[in-house]
Amino acid sequence: MGLASLINENRKPILFALAGTIAVVVLVAAALDELIDWQVQVAIRKNAEVRALNWSENFFATTPSSRRMVEKGIATPSELDRLESSFALVDVIRFEMFNREGVRTLLSDTGVLDPSSGVNTTALRVYETGLPLVFIHEKEDYETQATQFETYVEVYLPAILPSGETIGAIEVYVDVTRFEDELEEVFQQISGYLILGTLLIGLFPAVAYVRTTRQIMRKDKQLLELTRYDKLTGIYNRDTVSTYLTQFFASPEAGGNLGIFFVDVDHFKQVNDQYGHAAGDKLLQHIATVLKGCINTETDLIGRYGGDEFVILMPEISRDMFRERCSLIMKASQTPCRHKDINFIPSLSVGAYLTETRDTEKSALHKADLAVYAAKRSGRSQLVEYTPTLEGLFDQEVSRQSA
Numbered sequence: 000m001g002l003a004s005l006i007n008e009n010r011k012p013i014l015f016a017l018a019g020t021i022a023v024v025v026l027v028a029a030a031l032d033e034l035i036d037w038q039v040q041v042a043i044r045k046n047a048e049v050r051a052l053n054w055s056e057n058f059f060a061t062t063p064s065s066r067r068m069v070e071k072g073i074a075t076p077s078e079l080d081r082l083e084s085s086f087a088l089v090d091v092i093r094f095e096m097f098n099r100e101g102v103r104t105l106l107s108d109t110g111v112l113d114p115s116s117g118v119n120t121t122a123l124r125v126y127e128t129g130l131p132l133v134f135i136h137e138k139e140d141y142e143t144q145a146t147q148f149e150t151y152v153e154v155y156l157p158a159i160l161p162s163g164e165t166i167g168a169i170e171v172y173v174d175v176t177r178f179e180d181e182l183e184e185v186f187q188q189i190s191g192y193l194i195l196g197t198l199l200i201g202l203f204p205a206v207a208y209v210r211t212t213r214q215i216m217r218k219d220k221q222l223l224e225l226t227r228y229d230k231l232t233g234i235y236n237r238d239t240v241s242t243y244l245t246q247f248f249a250s251p252e253a254g255g256n257l258g259i260f261f262v263d264v265d266h267f268k269q270v271n272d273q274y275g276h277a278a279g280d281k282l283l284q285h286i287a288t289v290l291k292g293c294i295n296t297e298t299d300l301i302g303r304y305g306g307d308e309f310v311i312l313m314p315e316i317s318r319d320m321f322r323e324r325c326s327l328i329m330k331a332s333q334t335p336c337r338h339k340d341i342n343f344i345p346s347l348s349v350g351a352y353l354t355e356t357r358d359t360e361k362s363a364l365h366k367a368d369l370a371v372y373a374a375k376r377s378g379r380s381q382l383v384e385y386t387p388t389l390e391g392l393f394d395q396e397v398s399r400q401s402a
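Under numbering that gives the first Met the number 0, the letters of the sequence shown match residues 0 to 402, in that order.
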């Protein structure tokens, strides 16, 4: 046997091994691709379902006319505008509502998709079973403005009132283009390591990808959660406070025993002018921390309602406990605030009101606000509890100044 023949004979096992290895890598890569594609589909479905469910729950919790809209398809322009203004927070692009017979009663008129007629069997099935159904649409050619949405998801949900009654179904269209792009970007970054990883430790890269996908979903959920908080102080923002009040007063049986404290920072402009905006920010953070120490974090809520205004809500509180919290808040307000080498005592004007069963959201806020005005009018740095004698106080002041 010549040298050339010997070399050729020795190459055969190596070539066979190499070919086998390549075949294994190709098969594993194909399997990983299928696994990753499946995981992406699962992630997109779950993400869209959570977004649609959050939007639907918020809609029924904050819209007193939701039954009329679902059952009769009657909605005022202002109601539709308010609903469409909430789309951006969860990437909703359209919704349709169906009654108990599966007949569409209302849709948001954005021109995204052509409306259908007759009974929607999918909506009827969701109403009858109480189970959501999710459908993904990717990169299809539309004749309408929907071409801007490369990927969107149809989510059918049962239309459930806060009382638990199911009155129909609601179909929510969710734009998941951004979410899908994030997943694809991650895949592109680690796809090269997936093939190498299959040679080294089998399916570990696929597991890592699944974990990364979940991290993206968790990050996305955290971003949604951040929309509820004030960036400077870390407590709830005005929208969250308003949503809580709307939900609290939505039930006819509710309205009583909610302690409301309106807190206004006295002379806040002077602090900014004298010490700078950094000192003003420090003061707001200090007050948020102090007030948070006065509440039960499991039941109560505190939020920044305006530039230098805070609101504290204490549900199911007795009159005695309400008075104790009034004293606690004023005592805590004397806690010094330190900025650099400066110490100063905050001055707070607080309006307090314990709601009654006949109160509405508007009347309760009015009474707490009136108490704040009385506190500031009486010299600031004090807490005033609302009494009926305060009614007309603002009008009297305006009349006196006009005289």
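The beta carbon of each residue, even a glycine, is placed where N, CA and C say it ideally should be. Fair warning: this is a prediction, and the values are worked out from it, not measured in the lab.
query	result
Rounded to the nearest angstrom, how far is the Cβ of S107 from that of L132, given a contact under 8 Å?	Contact flag wrong, Cβ pair sits at about 20 Å.
Can you grab the Cα-Cα spacing for the pair D140 / A74, in whole Å?	Because D140 sits at a pLDDT of 42, beneath the cut-off of 50, its placement in the model cannot be relied upon, and the following sentence gives the value as read from the coordinates. When rounded, the distance between both Cα atoms is 31 Å.
Indicate the three-state DSSP secondary structure (helix, strand or coil) for E70 in the structure shown.	helix
Excluding the five sequence neighbours on either side, which residues of its own chain have a C-beta within less than 7 Å of the C-beta of G201, listed in chain order?	Confidence in G201 is poor, its pLDDT being 48 and thus under 50, which makes the residue's placement too unreliable to answer from.
Excluding the 5 residues preceding and the 5 following Y228 in the sequence, name in chain order all residues of the same chain whose CB lies nearer than 8 Å to its CB.	I234, Y235, N236, T239
Spatial neighbours of N256 within its chain, please: C-beta separation below 8 Å, excluding the five flanking residues on both sides.	P314, E315, I316, S317, L353, T354
Can you tell me the Cβ-Cβ gap for V173 and A47, rounded? I've got them flagged as a contact below 8 Å.	4 Å
Does the stretch 162 to 170 come close enough to the stretch 89 to 104 to have 3 or more Cβ pairs within less than 8 Å?	yes
Would you mind working out which of P161, D180, D36 sits nearest F58, comparing C-alpha positions?	P161
With DSSP as the reference, identify every bridge partner of T165, one or two as the case may be.	I159
So C325 is in the beta strand (DSSP E); what residue range does that whole segment cover?	No beta strand (DSSP E) holds C325; the alpha helix (DSSP H) holding it covers 318 to 331.
Can you give me the C-alpha to C-alpha distance between F94 and V383, rounded to a whole angstrom?	46 Å
Given a threshold of 16 other Cβ atoms within 10 Å of its Cβ, counted over all protein chains shown, does E142 qualify as buried or as exposed?	Any answer about E142 is weak, because its pLDDT of 43 lies below 50 and its placement is not dependable; what the coordinates show is given next. It is exposed - the Cβ of E142 has fewer than 16 other Cβ atoms within 10 Å.
For T404, which residues of its own chain have a beta-carbon under 6 Å away from its beta-carbon, when the five flanking residues on both sides are left out?	With the chain covering 0 to 402 only, the question about residue 404 has no answer from this structure.
At 3 residues or longer, what runs of the beta strand (DSSP E) sit wholly inside the stretch 218 to 305?	257 to 264, 300 to 303
Can you give the Cα-Cα distance for S377 and A278, rounded to whole angstroms?	27 Å
Is any heavy atom of the ligand COA found at a distance shorter than 8 Å from the C-beta of G254?	Among the components of this structure there are no ligands whatsoever, and the ligand COA is therefore not found.
Whole angstroms are fine: how far does the CA of F343 sit from the CA of P387?	35 Å
In its own chain, which residues sit with a C-beta less than 6 Å from the C-beta of F321, not counting the 5 before and 5 after it?	G258, L353
Between T226 and Q284, is the Cβ-Cβ spacing less than 9 Å?	no
According to DSSP, what are the bridge partners of L353?	G258
So what does N342 bridge to, in DSSP terms?	R337
Determine the extent of the alpha helix (DSSP H) in which P387 is found, giving its start and end residues.	From DSSP, P387 is part of no alpha helix (DSSP H); its letter is neither H nor E.
Are the Cβ atoms of P150 and T120 separated by less than 9 Å?	With the sequence shown as reference, residue 150 is identified as Thr, and Pro is not the correct amino acid for it. No, these two residues do not count as a Cβ contact at 9 Å.
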